Every structure is written in structure tokens, then in C-alpha cells.
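Working notes, beginning with the structure itself.
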Amino acid sequence: MPPVFRFAPSPNGYLHLGHAYSALLNFDLARQSGGRLLLRIEDIDKPRCRPEYEEAIYEDLAWLGIVWETPVRRQSEHLDIYRRAVDHLAEAGLAYPAFESRAEIVRMIGQSPRKPWPRDPDGAPLYPGSVASLSKEERQVRLQAGEAFVMRLDSLEAIRRMGALTWDEEGAGPEGQTGRIAARPDDWGDVVLARKETPTSYHVSVVIDDAVQGVTHVVRGQDLFWATSVHRLLQALMGLPAPVYHHHRLLRDAEGRKLSKSAQAPSLRALRAEGKSPQNIREMVGLP
Numbered sequence: 224m225p226p227v228f229r230f231a232p233s234p235n236g237y238l239h240l241g242h243a244y245s246a247l248l249n250f251d252l253a254r255q256s257g258g259r260l261l262l263r264i265e266d267i268d269k270p271r272c273r274p275e276y277e278e279a280i281y282e283d284l285a286w287l288g289i290v291w292e293t294p295v296r297r298q299s300e301h302l303d304i305y306r307r308a309v310d311h312l313a314e315a316g317l318a319y320p321a322f323e324s325r326a327e328i329v330r331m332i333g334q335s336p337r338k339p340w341p342r343d344p345d346g347a348p349l350y351p352g353s354v355a356s357l358s359k360e361e362r363q364v365r366l367q368a369g370e371a372f373v374m375r376l377d378s379l380e381a382i383r384r385m386g387a388l389t390w391d392e393e394g395a396g397p398e399g400q401t402g403r404i405a406a407r408p409d410d411w412g413d414v415v416l417a418r419k420e421t422p423t424s425y426h427v428s429v430v431i432d433d434a435v436q437g438v439t440h441v442v443r444g445q446d447l448f449w450a451t452s453v454h455r456l457l458q459a460l461m462g463l464p465a466p467v468y469h470h471h472r473l474l475r476d477a478e479g480r481k482l483s484k485s486a487q488a489p490s491l492r493a494l495r496a497e498g499k500s501p502q503n504i505r506e507m508v509g510l511p
């Protein structure tokens, strides 16, 4: 079977050079290996995702000369699949509803004698709640009352059941890690799997989509290197196959910041309007 690659942007803004590098790298690796390239639209964040941004993704990728298979998978069309997966984890005693607001979590951390409070690889404080803090009956009463909640992974129980996990890395981590990598899901604590208003999260959707689409090679930025620990744990819990991973370098601006939509990185549309060609873009991102 030929290898299967995918490029999976979110339509919450216009693509920039960082997206171009990742998309072109996936495209090149697929061609070089005689593989397939899929395009997936990760649009579970409905308030921020817009149809015009999705259309712009297609336009920008076509302008770059990238060819992908159709139909394109949109995550928003598969929410029931993700919801059932989270429900299954909850029924197995591996996920639970948590009701604290962000302000309450900040207060809980501030009142803790543990200093400094541990943070995940992205720098966010770990969830300070306790799975045992509410009985099953109390949780059900609060759910029936319509309280806001998130579904969290019981990471300690999940790790206990699955044991040590690894993944195969063909790229490199932030510190040059490559080869067989030991997963460290405990670094993330009880991550959010779903929310009341959105029955999934990036972690849940991405592992299910990769499995459903038969993705064999996940090529993405180094900023997601340690998130692979969570993905490996979820894959093991759900009985999903583990693809090979390739985390690539991040493109940065003059101040050393990762190019991002939030930092107003120049869009491909703007660069095209300035007269840049697809070959110019390849040169700018360091691809032949």
C-alpha cells in the first residue's frame, strides 16, 4: 500500500508561509514516495472558522501547484463520531466531566501550597482538579441541570492501563529528538477531550481522522511534537493504529517568533498580490 500523507489546516484565517512550508513538504514527500496526499479541513472551532477562509485554502494550495485527493474531509461533518468516542472513554472510566471555569481553576492553583505549579509542554498550567472530588451521582445532577462542563481524560488511569508508549519519529523534535521516542502523556495532565458546546477537541478529532483516512505519515510542525504523547495514548485507548511522525522545523519572523495567524504573519494571498510566484514561495520557505 502506498504511504498516505495529509495537510490539515483550520479555516480561521488565511494561510501564511508556515502553512505553505508544511503543505509543500507533505506534497513533495507524497510524490517522492509514490504516496497519496489528502486535504482535511479542521473546522471544529465554529465561531472562528469561516467559509471564505476555506475557499481561500483551496485557492492558495492550487496556486502553489499542490494537488490533493477529493472529497475533502471536514471535521464539522463528523461530530457524532467524535462524540461517541468520548462517550466510550467515559463509559470505560477513562474520562469525566469537570465543571470549573477558567477563573476557578486559576483560583485553585493560587490557593495550592505547591509552588511553582506544574505546566504542560505548551506552558499552560495543569488541571488541578481531582477525579474523586465529585461522585458519579453529583456529576449527573450537574449535567442534567445544564451546567457548563468539559470532558477530561483521566490521564493517570489511562496511563496505568496502557503502560509505556512510543512513536517513530522521522523528523526531529525541538531538541533534535528523532528515532524511537518515549511518549510522556503525564506531562499534559487531564487534557480536555470535549466541551459541552463542542463534543470533541483537537486531540480526539485528529487521531480519529488519521485512522479513518488511513494516514500513515503525519508531517507537521515541531510545536506539536510533545502533543504526540497525548495522541499516542488516545490511539492506544481507542485501538487505533499509530502512524509514523515527522515533525518539521518552524518558520519564524525577524524577532524569532513562530509565524502565526494571531501574530499577523503575511498571508499567501498578500504575497501573491505583491507579485510573488509559487517558485518564490518555495525559495522563501527553503524548499527546492
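Position in the sequence shown (first residue = 1) + 223 = my numbering. Beta carbons: idealized from backbone N, C-alpha and C, even for Gly. These numbers come from a predicted model, not from an experiment.
Roughly how many angstroms separate the alpha carbons of residue i and residue j, rounded to a whole number?
i           : j           : result
residue 319 : residue 333 : 23 Å
residue 427 : residue 465 : 14 Å
residue 422 : residue 491 : 32 Å
residue 363 : residue 381 : 22 Å
residue 509 : residue 254 : 18 Å
residue 474 : residue 480 : 8 Å
residue 497 : residue 394 : 33 Å
residue 342 : residue 348 : 4 Å
residue 468 : residue 339 : 33 Å
residue 336 : residue 312 : 32 Å
residue 286 : residue 237 : 14 Å
residue 262 : residue 328 : 37 Å
residue 402 : residue 283 : 33 Å
residue 502 : residue 359 : 59 Å
residue 247 : residue 506 : 12 Å
residue 331 : residue 356 : 13 Å
Report all residues from its chain with a CB closer than 6 Å to the CB of residue i; omit the five preceding and five following residues, and keep chain order.
i           : result
residue 416 : 309, 318, 374, 376, 424, 427
residue 488 : 239, 482
Near residue i, what residues of its chain come up, given a Cβ to Cβ distance below 8 Å and the 5 sequence neighbours on each side ignored?
i           : result
residue 483 : 239, 241
residue 225 : 256, 257, 258, 259
residue 249 : 228, 229, 230, 260, 442
Ends of the alpha helix (DSSP H) at residue i?
i           : result
residue 303 : 302–314
residue 320 : Looking at the DSSP string, residue 320 is not in any alpha helix (DSSP H); the run it does join, the beta strand (DSSP E), is 318–321.
residue 294 : Element bounds for residue 294: not the alpha helix (DSSP H) but the beta strand (DSSP E), 292–297.
residue 276 : 274–286
residue 249 : 240–255
residue 366 : 359–367
So, at 7 Å on beta carbons, what are the nonlocal neighbours of residue i in its own chain, with the 5 sequence-adjacent residues on each side left out?
i           : result
residue 234 : 264, 266, 272, 273, 276, 277, 280
residue 457 : 426, 427, 430
residue 453 : 408, 411, 414, 426
residue 434 : 463, 464
residue 304 : 431
residue 448 : 396, 397, 470
residue 459 : 385, 388
residue 418 : 373
For the beta strand (DSSP E) containing residue i, list its first residue and its last residue.
i           : result
residue 328 : Segment 325–334 is the alpha helix (DSSP H) holding residue 328; no beta strand (DSSP E) there.
residue 262 : 259–264
residue 229 : 227–230
Checklist entry - Which ranges does the alpha helix (DSSP H) cover as unbroken runs of at least 4 residues, wholly within the region 461–507, from first to last along the chain? => result Listed in chain order, the alpha helix (DSSP H) elements of length 4 or more contained wholly in the region 461–507 are 491–496.
Checklist entry - Are there three or more Cβ pairs, one per stretch, closer than 8 Å when the region 314–330 is compared with the region 361–374? => result Yes: the two stretches touch, three or more of their Cβ pairs being nearer than 8 Å.
Item to check | Within the region 370–456, ranges of the beta strand (DSSP E) (whole runs, at least 3 residues) | outcome: Taken in chain order, the complete beta strand (DSSP E) segments of 3 residues or longer contained in the region 370–456 are 373–376, 389–392, 402–405, 415–418, 440–444.
Next on the checklist: Could you check whether the region 299–313 touches the region 349–359, counting it as contact only if at least three pairs of C-beta atoms, one from each stretch, sit closer than 8 Å?
Outcome noted: They do not touch, by the three-pair rule.
Next on the checklist: When you compare the region 403–414 with the region 292–305, are there three or more beta-carbon pairs, one atom per stretch, that lie closer than 8 Å?
Outcome noted: The region 403–414 is not in contact with the region 292–305.
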